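Numbering (our numbering), first residue to last: 62 to 472.
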Amino acid sequence: MTVNRPRGTRDFLPANTSRRRYVESIMRDVARNWGYSEVITPTFEHLDLFTLKSGEGVVGELYNFMDKGGRAMTLRPELTAPVMRMYVNELQALPKPLKLFYFENCFRYERPQKGRFREFWQFGVELIGTKKPDSDAEVIALANAMLKAAGIKGDLKIGNLAVIRTILQELDSETVSKIMRLVDKKEYEGLESLLEEIDASEALKSNLFRLIKLEGKGILPKVKEIVGNIPEIESFEKTLELLDAYGVEYSLDFGIARGLDYYTGMVFEVYGEGLGAQKQVCGGGSYQLIQLFGGGDVPSTGFGIGFDRIMEICELVPEEPKKLVLVSKPVTHLEAVKLANKLREYVPVHIDLMERNFKTQLTFANNIGADYVVIVGEKELEVGKLTLKDMKSGEQELLTVEEVIGKVSRQ
RNA sequence: GCCGGGGUAGGGUAGCGGUCAUCCUGUAGCCCUGUGGAGGCUACGAUCCGAGUUCGAUUCUCGGUCCCGGCCCCA
């Protein structure tokens, strides 16, 4: 009987793993260069953390369990809530703005499909303590920079929930949620019948439909016509101005509603090219969560990047280091081991571990795509040198250890 | 939770009620005890699981499971 991977999980083979690590390191570098610090939170948390944020309904999509002390726990389904919890628990006194990022695996009990797994990796950023136009702009620009660094082509759409909330202000919050959901999905027929059902005013209906049908970059004046010059628009305008300065390309979409209610103002999403039904690679916005977890009235802005979806369309390939195989004979093997120790300070070195004969060691070098073979044989040791063979050209020369090091570590 | 398409050695495949289940590739070893990529030989290795139909099931039926895509959901 063989044991298989749990459903919705993946094994990452060497080539894939090295690609993932490579892209990961590129994205980490970008975040660090923007002044963000990495944090790690626990793989599992109290179930409450997530039901508090997303409602009891999420339990169905969680890998939750009772621990041996009878506590309700769950593997984390996302990282914004844990990071906010961490902030409330121990980071409240740090100077603002507080700039954090994370890159961890998350777990959701869902039906797997293209770009959706039960264990998946999320890269994300949280900027805590401000909601000025500059902070919104920086977060969007950082998301854009990270995706760009990973070579991802996608559509960036930016919206602002204050606008739609202004239009819907006369309605109760439950109805607002329903409407936002339909707006987000662009289900206009369903929206129309819902508005009919709740007997919404003509003004509301026409304002709403005018708003969500606006597209493109220069629509802000029209938005002002619809909702008036509310302060949020002024601030939003500054954010966009800053984004232009950052050189970020985007379009506006006031139909972005982003699921839950804690998003307050700016929201944005990025859709990757070349993905299936699950093509959103990045989503974020400004939100209010800290109070919910027992902290102060502190605003934040953040985003999450679906790393697995990035890898699906990312074409970056890391440059592999030169590989070297040491070929030895039984009588020279100990010398070869000593040499391996030395060479491993410079390049990845393979040495025979299977007591194979000379020829088979060479075949092995060929099979693993070695760039160099260093022969440690009697003839070489007699004259205190080594044979370096270039596996591409087949050429070989007799060199001292220092000369070998010089040659193989040159690139 | 729902819908569709799938599941034959590690990877890729053929067979589709009836001899020992096909071929390619891979891995290990040998031919070949100091020179790789070719060739030959040998070994390893599979019908997803369970029930049913049948004299007989890899093949047909049902259920499960897993994979792929989609729906729902998407924090």
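Glycine is no exception: its CB is placed at the ideal position from the N, C-alpha and C atoms.
Quick caveat: nothing in here was measured; it's all calculated off a predicted structure.
Answer yes or no: do residue i and residue j have a C-beta to C-beta separation smaller than 8 Å?
i: S447; j: V465; result: Checking the displayed sequence, the identity of residue 447 turns out to be Leu instead of Ser. In this structure, V465 lies closer than 8 Å to L447 by Cβ.
i: G316; j: I273; result: yes
i: S347; j: K192; result: yes
i: A204; j: L304; result: no
i: V408; j: P382; result: yes
i: G367; j: F111; result: no
i: V186; j: Y323; result: no
i: I189; j: Y163; result: no
i: A426; j: V386; result: yes
i: I293; j: G326; result: Position check: residue 293 holds Glu in this sequence, whereas Ile was assumed. Yes; because the gap between Cβ atoms is below 8 Å, this pair is in contact.
i: T300; j: P194; result: yes
i: V392; j: E441; result: no
i: F329; j: K175; result: no
i: Q153; j: G357; result: yes
i: L255; j: L243; result: yes
i: L400; j: V462; result: yes
i: F105; j: L136; result: yes
i: L222; j: I240; result: no
i: F178; j: T70; result: yes
i: L313; j: G220; result: yes
i: F275; j: V284; result: Before going further, note that residue 275 is Leu rather than Phe in the sequence given. Yes; because the gap between Cβ atoms is below 8 Å, this pair is in contact.
i: I213; j: V342; result: yes
i: D451; j: K384; result: no
i: I374; j: G333; result: yes
i: R68; j: P173; result: yes
i: E396; j: V437; result: yes
i: Q349; j: R370; result: no
Name the two residues that bound the continuous beta strand (DSSP E) containing residue i.
i: S347; result: 341-348
i: Q231; result: Sequence check: residue 231 is Glu here, not Gln. Unbroken run through E231: none, as it is neither H nor E.
i: G438; result: No beta strand (DSSP E) holds G438; DSSP gives it neither H nor E.
i: Y251; result: Reading off the sequence shown, one finds Gly at residue 251, where the question assumed Tyr. Here G251 belongs to no beta strand (DSSP E); instead the alpha helix (DSSP H) covers 249-258.
i: G367; result: 361-367
i: L377; result: L377 -> no beta strand (DSSP E), and no H or E assigned at all.
i: E458; result: 457-460
Check residue i in the structure and name its three-state DSSP category.
i: D216; result: strand
i: S389; result: strand
i: I412; result: strand
i: L400; result: helix
i: Y407; result: coil
i: R82; result: helix
i: F162; result: strand
i: K450; result: strand
i: N221; result: strand
Give me whichever residues DSSP pairs with residue i in a beta bridge.
i: G355; result: According to DSSP, which records beta bridges pairwise, G355 is partnered with nothing at all.
i: T70; result: Paired residues: none, contrary to the question.
i: G185; result: Y163, G365
i: F168; result: E180
i: Q174; result: R177
Locate the alpha helix (DSSP H) running through residue i, then write down its first and last residues.
i: E199; result: 194-210
i: I101; result: I101 -> no alpha helix (DSSP H), and no H or E assigned at all.
i: T191; result: Note, T191: premise wrong, no alpha helix (DSSP H); not H, not E.
i: N418; result: Taken as a continuous stretch (DSSP letters only), N418 belongs to no alpha helix (DSSP H), as it is neither H nor E.
#### Entry: In chain order, each beta strand (DSSP E) run of at least 3 residues that lies wholly inside the region 103-157
Listed in chain order, they are 105-107, 125-127, 133-136.
### Query
What runs of the beta strand (DSSP E), each 3 residues or longer, lie entirely inside the region 261-348?
Qualifying beta strand (DSSP E) stretches, in chain order: 324-333, 341-348.
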